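Okay, so here's the structure we're looking at.
There are 2 protein chains.
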Amino acid sequence: MANTDDPLSITFAALADPTRRAILTRLARGEATVGELGEPFEMSAPAISKHLRVLESAGLIAREVDARWRICRLRAEPMHDAHDWLEAYRRHWEGNLDRLVEFVERTHRAEAKKPASGAPRAPRKKP
Amino acid sequence: MANTDDPLSITFAALADPTRRAILTRLARGEATVGELGEPFEMSAPAISKHLRVLESAGLIAREVDARWRICRLRAEPMHDAHDWLEAYRRHWEGNLDRLVEFVERTHRAEAKKPASGAPRAPRKKP
DNA sequence: CTATCGATTAACCAAGTGGTTAATTGAAGG
DNA sequence: CCTTCAATTAACCACTTGGTTAATCGATAG
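These protein sequence lines are chains A and B, in that order. If you're matching positions, the first sequence starts at -4 in the numbering used here and goes up one per residue. If you're matching positions, the second sequence starts at -4 in the numbering used here and goes up one per residue.
This is the structure in structure tokens:
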């Protein structure tokens, strides 16, 4: 995941870590300092700092300096695009559509060796 | 992202790549062979094969052997959990709640040096 | 001024990622 | 039998990631 990646990839990559997701969950309850955010984890302070930098550069948190504390707060906007992207696949998981398509195809396989309906794969030439 | 990661992390990590997301988008239109999936990308066949392996071990696609072709189809179920996780943050991005909270806090900062409402951060002892 | 505290940066490491080319497997066809 | 084709595996590469410890920075307290 280079820094040249698109925003959606950066968002998903930032979310692909349980520590970072837990930090976001904590921040959903309200702002917190870096020390407070790191307290639940058996992890060094620099490790937390790195996680926060990933979240910040993904635009998922904002940091503000208050004396010698850094106050972190959630910026959930990037999640909106990720949510929207997933939304397009809702019909595929709802009603077990995946399994239905698979069932129909598997059922018809013995009768006719061609893909089930709704699967417009270009026919492979198999003379 | 080690193979010991939790399912949600594996799902998000699999989605954190534009090539893999494009493959999933293509599969949403119907099943396809590995060759068909790789055709739009200026990328070697082994590279596509690796992406497909990531998607398969994340449970996002299934492969089936048909003669010398591997038919890939979408398995969207893991996206459901990812979608649900993001759903919990909807109120934070809807109505620009983030900016609202920030505005309220920033407005009251000069009057009273304490966190804005809805931010139950443990008070740092600053005698 | 000095010590301390919250947090970050620096330097390093093991492991993973995303890509390559070359070799391999397995099925189809002349 | 031999070739060809779809796809994967093997071996390798540059780069990233997630973690560490040690050093640094800035602000506060004494």
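Beta carbons are placed, not taken as given, at the ideal position from N, Cα and C, and that holds for glycine. For clarity, every value in this text was computed on a predicted model and none was experimentally measured.
- When CB distances to chain A are screened at a threshold of 9 Å, the residues of the segment 2 to 14 of chain B falling below it are 3, 4, 5, 6, 7, 8, 9, 10, 11, 12, 13, in chain order.
- The three-state reading of DSSP puts residue 55(A) in coil, since its state is none of H, G, I, E or B.
- With at least 16 other beta carbons inside 10 angstroms of its own, residue 26(B) counts as buried.
- For residue 33(A), the number of other beta carbons within 10 angstroms of its own is at least 16, and it is reported as buried.
- With 16 or more other Cβ atoms from the protein chains shown falling within 10 Å of its own Cβ, residue 4(A) counts as buried.
- Across the segment 45 to 59 of chain B, CB contacts with chain A closer than 8 Å involve 57, in sequence order along the chain.
- Across the set 48(A), 74(A), 52(A), 82(A), the C-alpha of 74(A) shows the shortest separation from the C-alpha of residue 23(A).
- Take residue 46(B), set aside five residues on each side of it, and the residues of its chain with a beta-carbon closer than 8 Å to its own are 12, 14, 15, 18, in chain order.
- About 4 Å separates the Cβ atoms of residue 78(B) and residue 81(A), confirming a contact at the 8 Å cut-off.
- With fewer than 16 other Cβ atoms from the protein chains shown falling within 10 Å of its own Cβ, residue 83(A) counts as exposed.
- Per DSSP, the beta bridge partners of residue 64(B) are 61(B).
- If you draw a straight line from the Cα of residue 0(B) to the Cα of residue 37(A), it is about 17 Å long.
- Those residues of the segment 75 to 86 of chain B placed with their C-beta closer than 8 Å to a C-beta in chain A are 75, 77, 78, 80, 81, 82, 83, 84, 85, ordered along the chain.
- If you ignore the 5 residues before and after residue 64(B), its C-beta comes within less than 7 Å of the C-beta of 28, all in its own chain and listed in chain order.
- Comparing alpha carbon positions, the residue from 85(B), 48(B), 21(B), 9(B) closest to residue 72(A) is 85(B).
- Nearest C-alpha to residue 9(A) among 51(A), 60(A), 87(A), 35(A): 51(A).
- Taking a 10 Å sphere around the C-beta of residue 68(A), we find 16 or more other C-beta atoms and assign the residue as buried.
- Secondary structure at residue 27(B): strand, using DSSP grouped into helix, strand and coil.
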